[in-house]
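Top line first, the protein sequences correspond to chains R and Z. For the first sequence, this note's numbering gives the first residue as 20, with consecutive numbering after it. For the second sequence, this note's numbering gives the first residue as 20, with consecutive numbering after it. Even glycine gets a Cβ: it sits at the ideal position worked out from N, Cα and C. Since the model is a prediction, treat every value here as computed from it, not as a measurement. Each remark here refers to the structure printed beneath this line.
Protein chains: 2
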Amino acid sequence: MNPSRPRIPEATVARLAVYLRVLGGLADSGRASVSSGELAGAAGVNPAGLRKDLSHLGPCGVRGVGYDVAGLRDRIARVLGVERSRACVLVGLGNLGSALADYAGFGSRGFEFVGLFDSSPQRIGQVIGGRPVLALTELDDVVTGTAATIGVIATPAEVAQEICDRLTAAGVRSILNFAPVTLTAPAGVDVRQVDLSVELQVLAFLDTSRDAGRDTGSDARVPAVGGMA
Amino acid sequence: MNPSRPRIPEATVARLAVYLRVLGGLADSGRASVSSGELAGAAGVNPAGLRKDLSHLGPCGVRGVGYDVAGLRDRIARVLGVERSRACVLVGLGNLGSALADYAGFGSRGFEFVGLFDSSPQRIGQVIGGRPVLALTELDDVVTGTAATIGVIATPAEVAQEICDRLTAAGVRSILNFAPVTLTAPAGVDVRQVDLSVELQVLAFLDTSRDAGRDTGSDARVPAVGGMA
DNA sequence: AACCGCTTGTGAACGCAGGAACAAAGTCGC
DNA sequence: GCGACTTTGTTCCTGCGTTCACAAGCGGTT
């Protein structure tokens, strides 16, 4: 209940980001206030769970009325640390990296790519998402110069660990890795892994077990797709 | 412990997919057997947890020796339902969709895109990842004709729900959604959400709480940048 | 053939997340 | 001004996931 210090469960943080997106949409459509039930419905979660998540921020609603859309949005943004723009670097501009660099969803949510890096001479100098692709040799200078603390790895798996080492050596402390390898990073560095094929394989398993499972399928397990992934 | 039927926790399924990837690498490098400790290290998990995960498949190791790499790999692949190729359709071939269509990691893990769809006339007819982009009007015929059960949505958020409806109406029962919206699907359809900006926001939160949390950072004298934003 | 070391598989405890029910609080209507 | 309704914030409880620790089993060695 302490508003800022006591650590918030990671699952809650992931949902807060979802609430933030929904609130942004509501604010754009002119809504002034919203109830927990409606917000939970739009986010795909349980209303009680949503209120519990918000309780980690301290009281921020008005009983009998609901939540102020803009106020709650700003409060969540502040807690998540996205109320100010954060500098990120992106390494690897193949298909996936280019998609990430050009993804408007990042810029609109407080993330700015201050450096795009690739090892291929063919890609260096290209402009993707409004920024030029730089050579890997400039990585260290850019990271230290911009004080970027977030790095995104979209390279082939073979070089991902090396890039991770260089990023951490340059001062990056949070890494989002799309390469299908398990990275090892020094203590104090957070690494989040997004493996697209893992997501598909989980789907395949659910599909298979549904086909084969006419016995268990009685209850229709609806796992309340909690889109954290 | 029942080898195949009793439902395996979803968290375990996700890790099994990671083990499968690691085992594939070990098999390629000629390794014949591997211990739980080594495999856990390569996958970034606890050895005891790994053994518990594998226990859901029934006994599949040899005490005192370890696990047979190829045998365990095939067994996991069979449980996950990826030992045979699965037909998938992909809707939305912007930057992200094109990256997905061209991502070799899918094909090598038992997923084949049997149909790429987009609404833009400019993209229809283009060949991406070896397959032509089709018009959305053909979606229903392709899904029913190929018996595809998995659909991937990489469209703008505005049309994602409509695509979801069309996919489920055509018979798709598993959906991987990259659009930043919460989809509602009929019961019996699994939806997994991958929101890239949510991942970054979780990183931002960890970063912020680390900056503010002077208690945890006891051991690491992080010289790094002088912390002026 | 028996011992010993190594590794798996499992049982138990701990902590955490999720869900439902209840009390507090504020607003709207009369 | 007062009552009733609405909605939040909290508390309890149930279940799951994770971790630790130990017994069981197999191979190699003497």
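Inset, instruction - From the DSSP output, in three-state form, read off Ile147(R) for me. - result: strand
Legend entry - Residue interval of the alpha helix (DSSP H) (run including Glu177(Z)): First-last of the alpha helix (DSSP H) with Glu177(Z): Ala176 to Ala189.
Inset, instruction - Taking only beta-carbon positions, decide if Arg50(Z) is within less than 9 Å of chain R. - result: Chain R, which has no Cβ nearer than 9 Å to the Cβ of Arg50(Z), makes this no.
Legend entry - Any non-hydrogen atom of the ligand ZN within 8 Å of Leu91(Z) CB: Absence of the ligand ZN is noted for the structure shown, with no ligands found whatsoever.
Legend entry - Supposed contact pair Val162(R) and Leu112(R) - C-beta distance, whole angstroms, cut 8 Å: Not a contact, Cβ separation roughly 17 Å.
Inset, instruction - Pull up the CB-CB distance for Ser54(Z) and Gly85(Z), whole angstroms please, since I reckon it's below 8 Å. - result: 4 Å
Legend entry - Exposed unless 16 or more other CB atoms sit within 10 angstroms - verdict on Thr31(R): buried
Inset, instruction - Mind the definition here: the stretch 109-128 of chain Z touches the stretch 213-226 of chain R only if three or more C-beta pairs lie below 8 Å; say whether that holds. - result: Touching, yes, given that three or more Cβ pairs across the two stretches are closer than 8 Å.
Inset, instruction - Could you list the residues in the stretch 106-129 of chain Z with a C-beta less than 9 Å from some C-beta on chain R, going in chain order? - result: Cys107, Gly113, Asn114, Leu115, Gly116, Ser117, Ala118, Leu119, Ala120, Asp121, Tyr122, Gly124, Phe125, Ser127, Arg128 and Gly129
Legend entry - Whole-angstrom distance between Ala62(R) and Gly43(R), CA atom to CA atom: 12 Å
Inset, instruction - Would you mind listing the alpha helix (DSSP H) stretches within the stretch 86-111 of chain Z that are 4+ residues and don't spill past its ends, in chain order? - result: The qualifying runs are 88-99.
Legend entry - Segment limits, alpha helix (DSSP H) that includes Arg70(R): Pro66 to Ser74
Inset, instruction - Would you be able to state if there are at least three C-beta pairs under 8 Å between the stretch 192-204 of chain Z and the stretch 169-177 of chain Z? - result: yes
Legend entry - CB of Thr227(Z) within 9 Å of CB of Gly100(R), strictly: The answer is yes: Cβ separation under 9 Å.
Legend entry - Val178(Z) versus Gly77(Z): straight-line alpha-carbon distance, rounded: 44 Å
Inset, instruction - Output yes if chain Z places a C-beta closer than 9 Å to the C-beta of Ile182(R); else output no. - result: no
Legend entry - With 16 other Cβ atoms within 10 Å as the buried cut-off, status of Asn114(R): buried
Legend entry - contact_flag[the stretch 79-99 of chain R, the stretch 143-150 of chain R] where n(CB pairs < 8 Å) is 3 or more: no
Legend entry - Option nearest Leu158(R) by Cα separation, candidates Pro140(R), Asp87(R) and Leu135(R): Distances from the alpha-carbon of Leu158(R) to those of Pro140(R), Asp87(R) and Leu135(R) put Leu135(R) closest.
Legend entry - Closest Cα partner of Ile27(R) within the set Ile182(R), Ala176(R) and Leu73(R): Of the candidates Ile182(R), Ala176(R) and Leu73(R), Leu73(R) places its Cα closest to the Cα of Ile27(R).
Legend entry - Cβ-Cβ separation, Val108(Z) to Val133(Z) (assumed contact under 8 Å), whole Å: Yes, they are in contact, since the Cβ atoms of Val133(Z) and Val108(Z) sit about 6 Å apart, within 8 Å.
Legend entry - Closest residue to Leu35(R) among Leu69(R), Ala154(R), Asp137(R) and Ala204(R) (Cα-Cα distance): Leu69(R)
Inset, instruction - Show which residues of chain Z have a CB atom less than 8 Å away from the CB atom of Pro199(R). - result: From the beta-carbon of Pro199(R), the residues of chain Z found nearer than 8 Å are Arg40 and Gly124.
Legend entry - Any C-beta of chain R under 9 Å from that of Val37(Z): yes
Inset, instruction - Examine chain Z for any beta-carbon lying closer than 9 Å to the beta-carbon of Ile6(R), and answer yes or no. - result: No information on residue 6(R) is available, as it lies outside the stretch 20 to 248 that chain R covers here.
Legend entry - Other residues of its chain near Ala188(Z): CB distance less than 8 Å, five sequence neighbours each side excluded: Within the same chain, Ala188(Z) has close Cβ partners Asp159.
Legend entry - Gly148(R) and Ser117(R) closer than 9 Å at C-beta: yes
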